[in-house]
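**Q** Residue numbers (this note's numbering), protein chains in the order written: chain A, 7 to 261; chain Y, 71 to 157.
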Amino acid sequence: MTTLLALDFPPVSHVTEWPDIFFEGSPLAINKVVILMWVSVAIAFVFMWAAGRNFQMVPGRFQGVGESFIDFIRNGIIMQTIGKDGLGYTPFLGTLFVFIMICNAWGIIPALQMPVTARIALPALLSIMVWVIFNVVGVIKNGLFGYLKSVLFPPGVPWPLYILVTPIEFVSVFFVRPLSLAVRLFANMLAGHLLLVSFAVLTTAMFEFFPLAAILPGAVLIAMTLFEVLVIFLQAYIFTILAAVYIGGAIHPEH
Amino acid sequence: MLDLVTLAATEAGELEAGLTAIGRGIVYVGAAAGPGVGIGIVVGNAIQAMARQPESAGMVRTTMFLGIAFTEALALFGFVLAFIISG
């Protein structure tokens with residue numbers, strides 16, 4: 007409990023760790039975050055299923071949203087990063103985008119207010135998945151030695167520099183990429199969550215002290231919530247586009 | 071006031087907690103200063119490119135987000151590290 011000007015800010019563990027609801031104390035314990043994750047899976051599934059259930063020439067409500075979404079994944083992400091031969095990854099990248107965005111969106115839904123991605127487990131799992139996929143794709147497309155050569159010995163470098171470049175590339179591709187992918191999503195959502203918590207605590211404390219004084223922190227709280235809407239979309243977009251860039255780099259090793 | 075008398079009078083755990091807090095602050099400042107400048111440079115140049123060649127805005131925007139993401143990762147490492155540090 008950190009006290010600042012007689013305000014009690016809860017410690018970080020209080021705003022991200024939730025009590026177990028089922029199977030308390032066991033490794034399979036289920037808390038609010040897990041349930042929200044399952045609900046996100048269900049929402050993503052139902053949305054995609056409803057959009058693709060029966061195709062019509064004139065798209066209905068769900069099909070219209072689904073089509074513009076697929077168009078965004080194809081033209082906004084894949085064509086910009088991988089190119090034409092990456093269109094086969096549309097289902098994977100599309101699922102990634104929808105799932106991450108719904109998981110992030112719980113952070114601003116009133117009464118729930120907990121982004122699932124603010125716990126490291128889910129971003130870590132997703133980034134390990136992306137890591138496995140881009141390495142496997144690279145090995146399949148270029149062969150094991152071709153892939154390692156393209157990663158560790160980038161062309162166009164004078165040969166003495168390889169003493170420096172090769173270890174850096176090795177660490178950056180196989181360790182920093184998955185780590186930064188997971189930490190970027192996790193830390194962004196955690197930071198946003200902490201920001202909202204801080205201003206909520208400030209607003210309630212000010213309201214108890216003198217109701218009119220709560221106007222300013224309350225307004226900032228609303229503004230921050232609107233800013234979080236942007237962050238929710240942007241983080242899902244950045245995660246997906248980086249996954250696409252890594253897969254693209256494994257398919258076309260020359261750049 | 072930070073003088074030696076009050077420093078000697080405080081309990082050992084209290085001083086440690088205070089130093090931990092200062093250390094966290096230093097870690098976050100150190101990690102955020104560079105990327106702050108870096109993101110400014112990335113976005114500034116991207117805006118310049120978009121203003122000069124509006125037809126290439128889509129490509130520039132995608133690359134800009136990539137550049138921001140790579141730069142921002144360093145600041146976020148610092149943010150996480152500041153939480154990991156414990157007294």
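For every residue, glycine included, the Cβ atom is placed at its ideal position computed from N, Cα and C.
Entirely within the segment 24-89 of chain A and at least 3 residues each: give me those beta strand (DSSP E) ranges in chain order.
**A** Listed in chain order, the complete beta strand (DSSP E) runs (minimum 3 residues) inside the segment 24-89 of chain A are 26-28.
**Q** Is A:A225 close to chain Y, meaning its C-beta is less than 8 Å from at least one C-beta of that chain?
**A** With 8 Å as the cut-off, A:A225 does not count as an interface residue toward chain Y.
**Q** For a contact meaning CB atoms closer than 9 Å, what does Y:T132 contact in chain A?
**A** Going along chain A in sequence order, the residues near Y:T132 (Cβ under 9 Å) are G82, I83, Q86, T87 and I247.
**Q** With a cut-off of 8 Å, does the C-beta of A:A206 fall near any C-beta of chain Y?
**A** So, not an interface residue.
**Q** List the DSSP bridge partners of A:F103.
**A** Answer is none; A:F103 lacks a bridge partner.
**Q** Taking C-beta pairs closer than 7 Å, name the residues in chain A that Y:V150 reaches, listed in chain order.
**A** Those within 7 Å of Y:V150 in chain A are V189 and A193.
**Q** Over what stretch of residues does the alpha helix (DSSP H) that includes A:Q241 continue unbroken?
**A** Start and end: I221 to I257.
**Q** Under a CB-based cut-off of 8 Å, is Y:A219 close to chain A?
**A** Chain Y is shown only over 71 to 157; residue 219 of chain Y falls outside these bounds and no answer can be derived.
**Q** Return yes when the Cβ of A:F68 is within less than 8 Å of the Cβ of A:A56, no when it is not.
**A** Yes, these two residues count as a Cβ contact at 8 Å.
**Q** Show which residues of chain A have a CB atom less than 8 Å away from the CB atom of Y:A101.
**A** Per Cβ cutoff of 8 Å: no residues; Y:A101 is ~11 Å from chain A at best.
**Q** Are any of the Cβ atoms in chain Y nearer than 8 Å to that of A:M7?
**A** Unreliable placement is indicated for A:M7, whose pLDDT of 46 sits below 50; no coordinate value is reported for it.
**Q** Determine the chain A residues that contact Y:M129 at a beta-carbon separation under 7 Å, and present them in chain order.
**A** Within chain A, the residues near Y:M129 are Q86.
**Q** With a threshold of 8 Å between beta carbons, is Y:E142 in contact with chain A?
**A** Cβ-Cβ to chain A under 8 Å: yes for Y:E142.
**Q** The ligand SAM and A:I88: does any heavy atom of the ligand fall closer than 7 Å to the residue's C-beta?
**A** What this structure holds is no ligand at all, so the ligand SAM is not there to describe.
**Q** For my contact list, Y:L146 and A:V251 are in at a C-beta cut-off of 8 Å; report their separation, rounded to the angstrom.
**A** No, Y:L146 and A:V251 are not in contact; Cβ-Cβ is about 18 Å, not under 8 Å.
**Q** Assuming A:L191 is part of the alpha helix (DSSP H), what are its boundary residues?
**A** Its alpha helix (DSSP H) spans residues R183 to F215.
**Q** Mapping DSSP to helix, strand and coil, what is A:F159?
**A** Residue state, collapsed to three classes: coil.
**Q** For A:G152, count neighbouring C-beta atoms within 10 Å of its own C-beta (all shown protein chains included) and say buried if the count is 16 or more, exposed if not.
**A** When all chains shown are included, A:G152 counts as exposed.
**Q** How about A:I247 and A:I83: are their beta carbons less than 8 Å apart?
**A** Yes; because the gap between Cβ atoms is below 8 Å, this pair is in contact.
**Q** Rounding to the nearest angstrom, what Cα-Cα distance links A:G162 and A:V179 in this structure?
**A** Distance between the alpha carbons of A:G162 and A:V179: 18 Å.
**Q** If you follow the alpha helix (DSSP H) that Y:S156 is in, where does it begin and where does it stop?
**A** No alpha helix (DSSP H) contains Y:S156, which DSSP labels as neither H nor E.
**Q** If A:E234 sits next to A:I146, beta carbons under 8 Å apart, how far is it from one beta carbon to the other, in whole angstroms?
**A** In fact, because the Cβ distance is near 39 Å, the residues do not count as touching under 8 Å.
**Q** Would you please state the rounded distance, in angstroms, between the beta carbons of A:R80 and A:T96? I believe it to be under 8 Å.
**A** Indeed they touch by this definition, with Cβ atoms about 6 Å apart.
**Q** Report back the beta-carbon spacing between A:L128 and A:M43 to the nearest angstrom; my notes put them in contact at under 8 Å.
**A** That pair is a contact at about 7 Å.
**Q** With 16 other CB atoms within 10 Å as the buried threshold, where does A:S46 fall?
**A** A:S46 is buried by the Cβ-count criterion.
**Q** Below 6 Å CB to CB, which residues in the same chain sit around A:T23 once its five sequence neighbours on both sides are set aside?
**A** What sits at residue 23 of chain A in the sequence shown is Glu, not Thr. Answer for A:E23: no residue qualifies.
**Q** List the residues of chain Y whose Cβ lies closer than 9 Å to the Cβ of A:A197, in chain order.
**A** Result: L146 and F149.
**Q** Given this structure, state the Cα-to-Cα distance separating A:L222 from A:T209, to the nearest angstrom.
**A** Cα to Cα, the separation comes out at about 8 Å.
**Q** Using beta-carbon positions only, say whether A:P160 and A:V171 come within less than 8 Å of one another.
**A** It is a contact, given that the beta carbons lie within the stated cut-off.
**Q** Identify each residue in the segment 170-185 of chain A for which the Cβ-Cβ distance to at least one residue of chain Y is less than 7 Å, and report them in chain order.
**A** The residues in question: there are none.
**Q** Would you call the segment 228-242 of chain A and the segment 109-124 of chain A in contact, with 3 or more CB pairs under 8 Å?
**A** In short, these stretches touch, since the Cβ pair count reaches three.
**Q** CB-CB under 8 Å to Y:T133, same chain, minus the five flanking residues each way: which ones, in chain order?
**A** If we look at Y:T133 and ignore the five residues flanking it on each side, its Cβ neighbours are A116.
**Q** If contacts are defined as beta-carbon pairs under 8 Å, then Y:G148 and Y:A91 qualify, I think. What distance do you get, rounded to the angstrom?
**A** Contact doesn't hold; Cβ gap of about 15 Å is too wide.
**Q** I need the boundaries of the alpha helix (DSSP H) containing A:A127, first residue and last residue.
**A** Element bounds for A:A127: A127 to N148.
**Q** Output the distance between the C-alpha atoms of Y:A143 and A:V207, rounded to the nearest integer angstrom.
**A** Spanning the two alpha carbons is a distance of roughly 28 Å.
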